[in-house]
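Let me begin by presenting the structure, written as structure tokens, before commenting on it.
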Ligand code: ADP
């Protein structure tokens, strides 16, 4: 009987295990709970239920998602567990109250008037009442007439708004703002209108902004006329708020998408196209306004968020997200003007158009936010792991210098591994967002490199604004954060290089041989919210836990590096170069097909031959480009401020001739006096010029995605490796070329030559910087005067400012102070007249 039973069991293994799996799934299935106590909008409830989430009790403070219509106190955000999400950021009030917005925008306008010109001139009352009156008097003197609009700082729905023809009549009230009235708005069917644009901010560290492809166009209900004393009080003509116009007899509920007092952005786009207006440019301008406004807010939001979540590891999922409603008005020239930002945009759905837009908006926003049931378990596991790490940390004094060095190296390696995990997680997250953004479009970080640089500059400026107010420790940690996040953004392959470098060192030292792991394994995919996809799947099994990630075998080429390369290359590199980049990979694939393999049919062989032929042709073209690049690199020289190329060359020769004397001095200058930032700046002098050269030769602005520039970046990183030891080793003839030993990239001899030339330029650059510092020091000693700003606090060294190394603003500083730069051995005129233009 028993035997029979066993036999039966043996014949029914599937049924049994299926049953077991089903019971397990039932037991382990977790719900994504949502606390909707804080919202009055029915559409929010509908959307979360459609997504498969479970609305929980009002007092459930541990729900996965907390939704609130209004502002959330910061201590509530501090108390949240890291698996929870809430629909507001702390600090967002800095752009969502009219007076705060005006103050923050005005700071940025002062620093960057050409960038921040999208907000009507605003005065905050009562503080700026006199300035307003003086402005109005000046206008009168010039016989100009302007209308002013008066608004409560914290007002909404048009409440308390009034127009004034005469600024003297404006009351000196508390908590109000006065704005110049935009008198010539863009009209639709003769009505004034404004746009409600929805924006999702999914994270503030790093900043991520998504723009929804639809929104509302709200029309006035009385035909617009330019303001006069007679029509100033006609609110249905001058204000476009729904809450005001719905009381008008002429308010029309839209029967179709083309009619009514409330229309969609989709309609607007069509309307524009029909009237021959270029919609893409309009939206590029609107995105620009949104990004710049968010840049204004970011320092506050970032600071407030960090205060609320002090222990949160950089790069971990944001517990906050926010859907903002930007109110933008177009003038007759279609310039977008920012009126205000709502952090609690209405999710009321009085009309079908509201429902259609808002339910899609909420659904897509929650998909990007990607709440996962498994996060709760992960959160506990991560807490446990962190506690264990703390316990296992070595304590007490170290026995000797070697141990200390090793501990330092270990620490650095751990940091690099953490960085690698973060980069990979970020990449996986970005890939997930790109795949699941629905009708949202990512507008920040932008894909275009120039845009990126522009916004980084503005970000640094916004942060330095706030940092100078915060001061002290917070200031420096904030600067470091920003530097890490937006300036020294490492890529995965760069971190792998740095890690590999440590490992090479260790092997050379004869220690820890055999440990060849190149950092934690990459995240192969982003775990995603499964509530709406397959509620029966046990998320704890389907999602990757952090610990599990480490165990994934690493593919030959890191997933992210390959995909990001493909992505950017496809998007921006000219076809001929794009194919060149691709060819390398294809070529090696073709070569590796064994000629005598069994499935190597004629067809197969001829295809592979074709590919090889194409690849050869493309490779030749790429070779040619590298050749041109090499020739121009050979022509480049480091310029010594105020001296000719020949004189600079002489200086270099002299240093080398007396190397015994200079060696310890250069070493102390480079390795001791300069800190890592300043060393980076010296190398950056060469790097920024090489970037320009590559840009010129390859005819692309996106040099970062070119193979050649990636190789260069690895060399530059190598030179900065180990506190500048990398470059210093080159003086002793030690080669950096080992960095390519383990590389999966095939590096041609010409590419190698380019790298060698770059190293030479960096060496020259260091020597010239060193000599320049010496000269300045000697000069200041003999003249008995203190010299200008310096690189390391040592008197006498004039260093281009950080921004000066990056772009046009430096030009002034280079001109006025003179500085070190790379020069081209060419007709003097092209250089001496514009010394900061290194090459054209
Ligand atoms: P509220 O928060 O009360 O809605 P807004 O600043 O959005 O206040 O202004 C309400 C309406 O007033 C806008 O929708 C727009 O039609 C009009 N408006 C506001 N500011 C200006 C301005 N500077 N120029 C022209 N119209 C404006």
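Numbering (our numbering), first residue to last: 1269 to 2108. For each residue, glycine too, the CB sits at the ideal point set by N, CA and C.
Less than 6 Å between the CB of residue 1492 and some heavy atom of the ligand ADP, yes or no?
Between the ligand ADP and residue 1492, a heavy atom-to-CB distance of less than 6 Å is absent.
Excluding the five sequence neighbours on either side, which residues of its own chain have a C-beta within less than 6 Å of the C-beta of residue 1838, listed in chain order?
Here the model assigns residue 1838 a pLDDT of 33, short of 50, so the residue's position is not dependable, and the following value carries that caveat. Counting only residues of its own chain and dropping the five nearest sequence neighbours on each side, residue 1838 has no CB closer than 6 Å to any other CB.
Given the structure, does residue 1509 come close to the ligand ADP, in the sense that its CB is under 6 Å from one of the ligand's heavy atoms?
Residue 1509 has its Cβ nearer than 6 Å to a heavy atom of the ligand ADP.
Where does residue 1769 land, buried or exposed, given buried means 16+ other C-beta within 10 angstroms?
buried
Is any beta-carbon of chain D found at less than 7 Å from that of residue 1906?
The chain labelled as chain D is not found in the depicted structure, where only one protein chain is given.
What is the DSSP secondary structure of residue 1607, reduced to helix, strand or coil?
In the structure shown, residue 1607 sits in a strand (DSSP, three-state: E or B).
Should residue 1601 go down as buried or exposed, given a rule of 16 or more other Cβ atoms within 10 Å for buried?
Flag for residue 1601 reads exposed.
Pull up the DSSP beta-bridge partners for residue 1419, would you.
1445
Under 8 Å, with one C-beta from each stretch per pair, do the stretch 1723-1735 and the stretch 1966-1984 reach the 3-pair mark?
no
Pair every Cβ in the stretch 1388-1396 with every Cβ in the stretch 1431-1445, then say whether three or more of these pairs are closer than 8 Å.
yes
Measure the alpha-carbon distance for residue 1934 versus residue 1895 and round it to whole angstroms.
33 Å
State buried or exposed for residue 1918, treating a residue as buried only when at least 16 other CB atoms are found within 10 Å of its CB.
exposed
Whole beta strand (DSSP E) runs in the stretch 1388-1436 with 3 or more residues, listed along the chain?
1390-1393, 1416-1420 and 1430-1432
Is the CB-CB distance between residue 1950 and residue 2033 below 7 Å?
yes
Is residue 1362 buried or exposed, if buried means 16 or more other CB atoms sit within 10 Å of its CB?
buried
Closest by CA to residue 1484, which one among 1617, 1410, 1342 and 1475?
1617
Should residue 2028 be listed as close to the ligand ADP, given that the test is whether its C-beta is under 6 Å from any heavy atom?
Result no, Cβ not under 6 Å from the ligand ADP.
Three-state class that DSSP yields for residue 1453 in the structure shown
strand
Helix or strand or just coil, what does DSSP make of residue 2004?
coil
Residue 1304 to residue 1634, Cα distance in whole Å?
14 Å
Give the single residue among 2027, 1946 and 1477 whose Cα lies nearest to the Cα of residue 1979.
2027
What first and last residue would you give for the beta strand (DSSP E) that runs through residue 1466?
1459-1472
Can residue 1417 be considered in contact with the ligand ADP, in the sense that its beta carbon sits closer than 6 Å to one or more heavy atoms?
yes
Local conformation of residue 1302 per DSSP, three classes:
strand
Once you ignore the five residues that flank residue 1475 on each side, which residues in its own chain have a CB closer than 7 Å to its CB?
1562, 1566 and 1712
Considering only DSSP beta bridges, list what residue 1532 is partnered with.
1484
Through-space distance from residue 1422 to residue 1577, alpha-carbon basis:
27 Å
For the pair the stretch 1934-1949 and the stretch 1992-2004, tell me if three or more CB-CB distances fall below 8 Å.
yes
Residue 1370 beta carbon near the ligand ADP (any heavy atom closer than 6 Å)
no
Is the closest heavy atom of the ligand ADP to the C-beta of residue 1367 under 6 Å?
no
Which residues in the same chain as residue 1989 place their Cβ atom closer than 6 Å to its Cβ, once the five residues preceding and following it in sequence are excluded?
Excluding sequence neighbours, residue 1989 sits near 1769.
Please tell me whether, using a cut-off of 6 Å, the distance from the CB of residue 1458 to the nearest non-hydrogen atom of the ligand ADP is below it.
In this structure, the C-beta of residue 1458 stays at least 6 Å away from each heavy atom of the ligand ADP.
So, do the stretch 1511-1520 and the stretch 1477-1493 have three or more beta carbon pairs nearer to each other than 8 Å?
yes
Give me the Cα-Cα distance between residue 1496 and residue 1453, rounded to the nearest whole angstrom.
15 Å
CA-CA distance, residue 1964 and residue 1723?
23 Å
Taking C-beta to C-beta, are residue 1311 and residue 1626 nearer than 7 Å?
Judged by beta-carbon spacing, residue 1626 lies within the 7 Å limit of residue 1311, meaning their Cβ atoms are closer than that value.
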